[in-house]
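**Q** Note that numbering that gives the first Met the number 0 gives residue 147 to position 148 of the sequence shown, counting from 1, and the numbers run on in steps of one. The C-beta atom is built at its ideal place from N, Cα and C for all residues, glycine as well. These numbers come from a predicted model, not from an experiment. Let me begin by handing over the structure; questions about it come next.
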Amino acid sequence: MSKESKNLIVGLDIGTSKIACIVAEMTAEGTLEVIGAGMHESSGMKKGMVVNIDATVGAIQQALQEAELMADCKIREVYTGIAGGHIRSSNAHGMIKIKDKEVAQTDVVRAIETASSISLPGDQQILHILEQEFSIDGQEGIKKPLGM
Numbered sequence: 000m001s002k003e004s005k006n007l008i009v010g011l012d013i014g015t016s017k018i019a020c021i022v023a024e025m026t027a028e029g030t031l032e033v034i035g036a037g038m039h040e041s042s043g044m045k046k047g048m049v050v051n052i053d054a055t056v057g058a059i060q061q062a063l064q065e066a067e068l069m070a071d072c073k074i075r076e077v078y079t080g081i082a083g084g085h086i087r088s089s090n091a092h093g094m095i096k097i098k099d100k101e102v103a104q105t106d107v108v109r110a111i112e113t114a115s116s117i118s119l120p121g122d123q124q125i126l127h128i129l130e131q132e133f134s135i136d137g138q139e140g141i142k143k144p145l146g147m
């Protein structure tokens with residue numbers, strides 16, 4: 000395998016009918032050049048949900064191996080999307096006290112941790128947290144609170 004993984008960007012699409020993988024290399028000019036692709040019939044998926052984990056993993060491995068062979072590289076990381084009716088999103092709020100000082104990164108982390116402590120049903124978990132805005136002393140809509 001000749002390509003260094005630090006210059007590679009790999010996309011993986013896990014669908015109900017097929018698993019598709021594309022390998023691109025970042026050029027010196029900052030553009031992407033597709034150097035490999037792999038596809039395999041999807042097994043183990045139904046309406047966007049995994050119904051057979053072993054079959055799904057096998058199909059993913061086949062698509063990845065095909066892309067690795069074409070690109071002459073070893074895939075170590077992929078970007079993939081998760082979609083389907085089983086994916087939910089919600090907004091949560093976290094509040095902390097900061098007395099007589101500027102907002103530090105540790106304060107931001109504490110506020111996010113507070114917002115993340117929401118109660119979820121047993122079959123749900125937090126996949127990703129996206130900070131939308133902060134409020135300080137009644138002022139809303141703050142995007143970057145550090146130093147305020």
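So, helix, strand or coil for E40, using DSSP?
**A** Strand at E40.
**Q** Can you grab the Cα-Cα spacing for the pair S134 / G47, in whole Å?
**A** Distance between the alpha carbons of S134 and G47: 38 angstroms.
**Q** According to DSSP, simplified to helix, strand and coil, what is E101?
**A** Three-state DSSP puts E101 in coil, outside helix and strand.
**Q** With Q123 as the anchor, note down where its beta strand (DSSP E) starts and where it stops.
**A** It is not in any beta strand (DSSP E) - Q123 carries neither H nor E in the DSSP assignment.
**Q** Check the C-beta distance from G10 over to I18 and give it rounded, since I have them as a contact under 8 angstroms.
**A** Actually they do not touch by this definition, with Cβ atoms about 12 angstroms apart.
**Q** In the DSSP output, which residue or residues are listed as bridge partners for Q138?
**A** I135.
**Q** Only counting the same chain, and skipping five residues up and downstream in sequence, which positions put a Cβ closer than 7 angstroms to that of A62?
**A** Hits under 7 angstroms: I18, A19, C20, G37, M38 and H39.
**Q** Over what stretch of residues does the alpha helix (DSSP H) that includes A58 continue unbroken?
**A** Element bounds for A58: I52 to A70.
**Q** Would you kindly report the start and end of the unbroken beta strand (DSSP E) that includes M25?
**A** Run containing M25: K17 to M25, per the beta strand (DSSP E) assignment.
**Q** What separation, rounded to the nearest whole angstrom, lies between the Cα atoms of S16 and G121?
**A** Rounded to whole angstroms, S16 to G121 spans 29 angstroms at the Cα level.
**Q** Helix, strand or coil for V49, going by three-state DSSP, please let me know.
**A** Strand at V49.
**Q** According to the neighbour-count rule (16 or more other Cβ atoms, all chains shown, within 10 Å of its Cβ), is E67 buried or exposed?
**A** The residue is buried, with at least 16 neighbouring Cβ atoms inside 10 Å.
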